[in-house]
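Novice: Per this note's numbering, the very first residue in the sequence shown carries number 10; after that it's consecutive. The C-beta atom is built at its ideal place from N, Cα and C for all residues, glycine as well.
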Amino acid sequence: MARKLFSRRLGPRRGVLRTLLTWGRNLLLLAAVVVVGAKFYVDYRLGNNMDQWKNRSAPLGTMTYQDIYATFGGDIVLEGFSFLPDRAAPIPPLVVEKAILHTPGFLFILGFRGDDNIPESLGASVVGLRGGLSDLAVGGDSIEPSVSGIPFETLACGNVNRFQDIDMDAMGFGPLSVNLSARYRVDPPDRIDVQIIQENADAATLTSDIDLAVPNLADANRGRAAPDVRIKAITVAINASEFNKRRNQYCAESSETSVQQFLNNHMDEVLLAMAESGYVPGPSTMSQYQQFAEGDGTWTFQVRPDRPLQLTDLMVNDPLELVRLVNLNSSIGSRIPSPVTLTRAVRARAEGEDDSSDVPVVEGEFGLTANQGSSKRIRWVEVPVSSLGSYVGGGVRLGTRFGKQYTGRLIRIDADTAYVETRLPGGDATVPIPLSQLVEVRVPEFED
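#1: What separation, rounded to the nearest whole angstrom, lies between the Cα atoms of Arg96 and Arg388?
#2: Residues in the same chain with beta-carbon distance under 7 angstroms from Ile152, minus the five sequence neighbours each way, listed in chain order, please.
#3: Kindly indicate which three-state DSSP category Glu129 falls into: helix, strand or coil?
#4: Since Val335 and Pro317 should fall inside the 8 angstroms C-beta cutoff, what is the C-beta to C-beta distance between them, to a whole number of angstroms?
#5: For the alpha helix (DSSP H) that contains Asn230, what are its first and last residues?
#6: CB-CB under 8 angstroms to Thr112, same chain, minus the five flanking residues each way: which ones, in chain order?
#7: With a cut-off of 8 angstroms, do at least 3 Cβ pairs link the region 204–215 to the region 184–195?
#8: Let's test the definition: count the other Cβ atoms within 10 Å of the Cβ of Gln297 and tell me whether it reaches 16, buried, or not, exposed.
#9: Between the alpha carbons of Val136 and Thr244, how many angstroms are there, rounded?
#10: Considering only the alpha carbon of each residue, which of Ser347, Leu116, Gln75 and Phe115 lies closest to Val105?
#11: Spatial neighbours of Ser343 within its chain, please: CB distance less than 7 angstroms, with the 5 preceding and 5 following residues excluded, ordered by chain position.
#12: Three or more C-beta pairs closer than 8 angstroms, one from the region 231–246 and one from the region 278–288: is that the case here?
#13: In chain order, what residues of the same chain lie with their CB nearer than 7 angstroms to the CB of Arg421, ignoring the 5 residues before and after it?
#14: Given this structure, state the Cα-to-Cα distance separating Pro101 from Ala79, to the nearest angstrom.
#15: Check whether the Cβ atoms of Ala212 and Phe271 sit closer than 9 angstroms, and answer yes or no.
#16: Name the two residues that bound the continuous alpha helix (DSSP H) containing Val325.
#17: Could you pull out every residue in the same chain whose Cβ sits closer than 6 angstroms to the Cβ of Phe182, ignoring the five residues on either side in sequence?
#18: State the start and end residues of the unbroken alpha helix (DSSP H) segment that holds Phe271.
#19: Are Val452 and Gly404 close, meaning C-beta to C-beta below 9 angstroms?
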């Protein structure tokens with residue numbers, strides 16, 4: 010009798026519990042169906058958008074991709090992307106192994122992001138970037154792309170004017186490709202931190218940390234005003250020590266010199282290249298570059314302006330003014346930072362040279378002027394390379410098979426090297442030039 014009574018009392022409770030469990034299971038199944046359906050919907054939309062871009066880019070070239078999808082963690086992943094432009098299209102080819110957009114979460118991808126217009130964090134990663142765009146990422150259109158992040162890395166390196174996969178393989182590195190990652194984080198009430206990391210092959214890493222001030226961040230975040238972005242600080246660290254050490258050995262062998270001789274030639278050519286661009290770095294900056302080129306440590310640049318700078322403040326045409334404005338400092342390794350200094354390499358015509366002269370010269374170059382008070386003008390006459398020894402002590406203009414040109418006074422000629430002296434605003438420089446590299450010799454001729 011007691012068992013029946015106990016069973017009758019528990020009966021309704023078991024029924025309610027069973028019902029709750031059933032509803033819970035159904036809700037979980039429904040949630041799983043909704044989530045899976047949402048992912049299929051997102052993947053479909055992503056693929057559809059990529060197909061639209063593919064059709065739009067067809068007149069310019071062929072775009073292909075292996076897959077594009079979203080993850081439940083909030084990442085949008087593009088795999089096996091490539092774009093091969095038509096010959097007439099002014100667009101570089103592009104190959105990317107994988108590109109990832111890191112969003113705040115899957116709900117953000119679906120469009121549930123609240124009232125904020127600026128997500129608290131957002132990032133992107135690119136793996137295995139190759140082709141023309143990787144060149145632009147490293148060096149830009151007007152400067153040869155580089156592995157170390159410094160555009161002068163191949164100067165004096167034998168017949169190498171740009172490192173290719175074969176050079177990287179000879180130095181023991183992987184093929185030339187770029188890995189990029191960038192992420193920002195909002196730090197209320199008025200700060201945004203940005204970090205950009207660029208890995209060139211497996212040889213060098215450039216890390217940029219940018220500290221931005223946005224005084225009206227709250228209003229901008231709610232769409233009430235355009236963000237007023239100002240730069241508080243920037244730190245750029247170039248880590249290429251191992252690459253530079255192997256580069257020095259490789260270039261010394263390519264140019265058939267010792268490592269120290271290559272470094273000496275390299276520094277001379279860097280100084281001349283800077284002068285040709287119109288500016289000469291100060292002794293401290295050149296000393297740091299030499300340490301960097303020798304593989305002595307990471308080269309770090311710091312921008313610490315006296316006040317947060319608006320982006321429009323940086324739109325100045327004079328690099329000297331820009332360096333002063335941003336309070337640019339640099340250091341090697343853990344050494345104390347020092348100001349980056351530049352002086353202007355003033356170019357002027359040689360004495361007695363009128364406006365019809367074909368080539369301007371660096372102010373104060375040796376052996377390039379007529380007699381004091383002369384009204385003669387100068388022109389450059391090509392002479393046989395074999396006759397170079399006849400012009401020791403006079404002005405010369407030497408052209409190498411690498412396209413470099415050196416103008417100055419021929420100091421002396423050894424068994425296999427010509428030494429040209431040039432006076433720059435930062436001081437005198439004597440550049441050794443292997444005779445085997447010479448393809449052109451010009452000497453000044455003065456006309457009435």
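Specialist: The relevant details are as follows:
#1: 41 angstroms
#2: Summary for Ile152: the model assigns pLDDT 42, below 50, so the residue's position carries little reliability; its value from the coordinates is reported in the next sentence. Here the set comprises Pro160.
#3: coil
#4: Not confirmed; about 11 angstroms, so no contact.
#5: Leu226 to Asn230
#6: Gly83, Asp84, Ile85, Ile118, Pro128 and Leu131
#7: yes
#8: buried
#9: 23 angstroms
#10: Gln75
#11: none
#12: no
#13: Val401 and Tyr428
#14: 28 angstroms
#15: no
#16: Premise fails: Val325 is in no alpha helix (DSSP H) and is neither H nor E.
#17: Ala210, Asp211 and Ala212
#18: Val268 to Ser286
#19: yes
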